[in-house]
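Quick notes on the structure that follows.
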Amino acid sequence: MATRTTHRLLYIVALVASGYVATGNSNEKQLRSLVMSDGVTVAATIEALRSDWSIEVSAEGVTKSITATEYTLWGTYSDDDRSSQVLLTDDTVIVGDIVRIEDESVTLASRLWGDVRIDRRLVRACLVLPAADPLDRDRQWRSLRDDQAADRVALVSNDAISGRLLPTTERDGGGLFGLVSIGIELPGGEVTTSVNVEEISAISFRHRAPSASPTNCVLGFNDGSLISASRLTRSESGLTEIVTASGASLQLSSDAIRERLTLLQPRNERVAYLSDLPAVGFKSIPFLQLEWPLGIATNTLGGRLRNDGKIVLKGLGMHSTSRVAYNLDGNYQSFQADLALDDHAGDQGSVVYRVLVERTDESGAATWKLDFTSPIVRGGELSLPVALDITGATRMALIVEMADRVDTRDYANWLHARVVVN
3 MATRTTHRLL
13 YIVALVASGY
23 VATGNSNEKQ
33 LRSLVMSDGV
43 TVAATIEALR
53 SDWSIEVSAE
63 GVTKSITATE
73 YTLWGTYSDD
83 DRSSQVLLTD
93 DTVIVGDIVR
103 IEDESVTLAS
113 RLWGDVRIDR
123 RLVRACLVLP
133 AADPLDRDRQ
143 WRSLRDDQAA
153 DRVALVSNDA
163 ISGRLLPTTE
173 RDGGGLFGLV
183 SIGIELPGGE
193 VTTSVNVEEI
203 SAISFRHRAP
213 SASPTNCVLG
223 FNDGSLISAS
233 RLTRSESGLT
243 EIVTASGASL
253 QLSSDAIRER
263 LTLLQPRNER
273 VAYLSDLPAV
283 GFKSIPFLQL
293 EWPLGIATNT
303 LGGRLRNDGK
313 IVLKGLGMHS
323 TSRVAYNLDG
333 NYQSFQADLA
343 LDDHAGDQGS
353 VVYRVLVERT
363 DESGAATWKL
373 DFTSPIVRGG
383 ELSLPVALDI
393 TGATRMALIV
403 EMADRVDTRD
413 YANWLHARVV
423 VN
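Okay, so the sequence shown: first residue is 3 according to the numbering used here, each after it adds one.
Pasting the structure below:
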C-alpha cells in the first residue's frame with residue numbers, strides 16, 4: 003500500500019508543478035470515424051464544436067459545418083482502469099482524485115480538468131480502485147449507481163462503513179497533496195472513525211441531487227472522462243465551459259478539447275435508439291435451462307457494451323437464442339446498427355443475426371418479412387454494419403441464433419442500434 007500512497011502523492015505534486023495543464027503532449031487533431039444520420043461513415047477531425055452541438059469538421063481535405071441532426075456519432079470512448087474517478091448523479095465520469103471534502107462541496111484534482119470544486123449533492127461516488135477486469139469494473143460502477151441513504155466507504159477488505167463523511171482537514175491531507183485519510187461519523191452521531199485512503203476501494207455519497215437538465219451531448223476524453231453535457235458556453239476567462247446535466251461546471255481550452263476529445267454523441271431528434279424505446283416483447287429460449295436477459299445499453303451479462311476495447315453507450319445485448327420486438331408505427335425510414343460479439347466473449351461465441359419487419363398492405367393486412375440475415379459472426383471479429391430501409395414498417399423484431407459453437411459465450415451485441423427519420 004505504501005507504493006500506492008507514494009504514487010498518489012507524486013501524481014498530485016506533478017499536477018501542482020505543471021499548473022494543471024489541460025492540453026495533450028501533441029498538437030495533432032484526432033482523426034476518427036464520423037457517422038452521419040443516414041448511416042454514411044467518413045474519417046474526420048473536429049475543427050470546432052459549437053454551443054448547439056453542431057460541428058465543423060475536416061474530412062478528405064474539405065472543411066464543412068454539420069448540424070447536430072446530421073450526425074449521430076464521432077469517435078469512440080475507452081474507460082480508464084488505473085486511475086481514481088468520480089461519478090456524478092448524471093452519470094458523468096471525471097478521472098481524478100478527491101482532494102477535499104466539505105459540508106457543501108467536493109474538490110477534485112484532475113490531470114485534464116485541473117482543480118474542480120463540485121456541489122456535494124451532485125457527487126454520487128468515487129471509484130478509488132477500479133478493477134482490472136472490464137466486467138468486474140462495470141459491476142463496480144453499477145453498484146455505485148445505487149441510491150444511498152447515507153455516505154458509505156467501501157474497503158479493500160470487502161467491508162464497508164456507513165454514516166456521514168466529515169469535512170477533511172489539513173491533517174487529513176485535504177487540499178494541496180490529496181487525502182491521506184477521511185473521517186466518518188457513524189449512525190447516532192456519537193462515534194467517529196478515521197480511515198486511511200489506502201484502505202478504501204470506493205466512496206459513495208448520500209444522494210440529494212436536484213433535478214437534472216437533459217443530456218444534450220455526451221463527450222468522451224482520452225483520459226477516460228465521460229461528460230453528460232447539457233450546454234456549452236464560453237467562460238469569462240475565455241475557456242470553453244461544459245455544464246453537465248446535473249449542473250456541474252468544467253472548463254477546458256478549445257485547443258485542449260480538440261486534442262483530447264475522443265467521442266461526441268449528440269441528442270439527435272431524428273434518431274431513436276432502441277435502448278431508449280420500450281420493447282413490446284422479449285423471449286429467451288435456453289439451449290439447456292439458463293435464460294438470458296435482454297441487455298438495455300448493456301451486454302447480456304450486465305456489463306457495459308464493449309467492442310474492440312471501446313465502450314458503446316447505446317445498443318442492446320442478447321444471447322442466443324432470443325428475440326425482441328419493437329413498435330415502429332410507420333414513423334421511421336431506416337434501421338442502423340453494428341453487429342459484434344461482446345469483448346467478454348473473447349475468441350469464442352458464434353451467432354447469426356436476423357431482422358424481421360412487419361408492414362401493412364393497402365388492405366390493412368399485416369405481414370412479417372425477413373429483411374436481413376447476417377453471415378456467422380464470431381468472437382473477436384470486427385463489427386458488421388447493417389442499414390435497412392424500414393419505410394412503412396409497423397413493427398420490427400431482432401433475432402439472435404446460435405451458429406457453429408452451440409451457445410458458448412454467445413454474447414451478441416446490437417451496437418448503436420437505432421431507427422432514423424430521414
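For every residue, glycine included, the Cβ atom is placed at its ideal position computed from N, Cα and C.
As assigned by DSSP and simplified to three states, the class of residue i
i      : result
Ala214 : coil
His321 : strand
Asp117 : strand
Ala258 : helix
Glu200 : helix
Ala339 : strand
His346 : helix
Ser20  : Model confidence at Ser20 stands at a pLDDT of 34, short of 50, so the residue's coordinates are unreliable; what they give is reported in the following sentence. Of the three classes helix, strand and coil, the one that applies to Ser20 here is helix, per DSSP.
Arg123 : helix
Ser85  : coil
Leu384 : coil
Ser248 : coil
Asp153 : strand
Ser112 : strand
Leu36  : strand
Ser277 : helix
His9   : For His9, the predicted model reports a pLDDT of 39, less than 50, meaning its position is unreliable; a value from the coordinates is still stated below. Helix at His9.
Ala4   : Bear in mind that a pLDDT of 38 at Ala4, under 50, signals an unreliable position, so the model cannot answer this.
Leu417 : strand
Lys371 : strand
Thr235 : strand
Val44  : strand
Pro295 : coil
Arg361 : strand
Asn160 : coil
Glu106 : coil
Leu228 : strand
Thr410 : coil
Asn270 : coil
Ser67  : strand
Asp391 : strand
Start-to-end residues for the alpha helix (DSSP H) that takes in residue i
i      : result
Asp92  : Here Asp92 belongs to no alpha helix (DSSP H), and DSSP marks it neither H nor E.
Pro136 : Pro136 to Leu146
Chain B within 7 Å of residue i, Cβ atoms only
i      : result
Ile244 : Checking the listed chains, one finds no chain B in this structure; it contains a single protein chain.
Beta-carbon gap between residue i and residue j smaller than 7 Å
i      : j      : result
Leu90  : Ser251 : no
Glu187 : Leu157 : no
Gly366 : Asp412 : no
Ser206 : Arg154 : yes
Gln338 : Ala389 : yes
Thr246 : Thr71  : no
Arg272 : Val402 : no
Gln291 : Asn424 : no
Leu417 : Asp345 : no
Arg122 : Val108 : yes
Ser237 : Gln253 : yes
Asp2   : Val97  : Summary: the structure shown does not reach residue 2, with the chain confined to residues 3 through 424, and so no result is reported for it.
Arg308 : Pro132 : no
Thr43  : Ser60  : no
Leu276 : Leu318 : yes
Ser255 : Leu241 : yes
Anticipated Cβ contact below 8 Å, residue i with residue j, distance rounded
i      : j      : result
Leu263 : Leu221 : 6 Å
Gly332 : Ala395 : 7 Å
Trp76  : Leu266 : 4 Å
Thr195 : Ile163 : 7 Å
Asp225 : Arg113 : 6 Å
Val88  : Cys128 : 5 Å
Tyr79  : Ile313 : 5 Å
Limits of the beta strand (DSSP E) - the one that residue i falls within
i      : result
Ile401 : Ala395 to Met404
Phe284 : Gly283 to Ser286
Tyr73  : Tyr73 to Gly77
Asn309 : Leu307 to Asn309
Ile378 : Premise fails: Ile378 is in no beta strand (DSSP E) and is neither H nor E.
Ala437 : With the chain running from 3 to 424 in the structure shown, residue 437 is simply not present.
Lys312 : Lys312 to Val314
Phe1   : Residue 1 falls outside the range modelled here, since the chain spans only 3 to 424, and no answer is possible.
Gly332 : That residue, Gly332, is in no beta strand (DSSP E); it is neither H nor E in DSSP.
Ile184 : Ser183 to Glu187
Three Cβ pairs or more, each shorter than 8 Å: is that satisfied between the segment 355-365 and the segment 301-319? no
Is there contact here, the segment 282-295 with the segment 323-333, by at least three beta-carbon pairs under 8 Å? yes
Per the contact definition of three or more C-beta pairs closer than 8 Å, is the segment 63-77 in contact with the segment 267-284? yes
Are the segment 35-54 and the segment 192-207 touching by the rule of at least three beta carbon pairs closer than 8 Å? no
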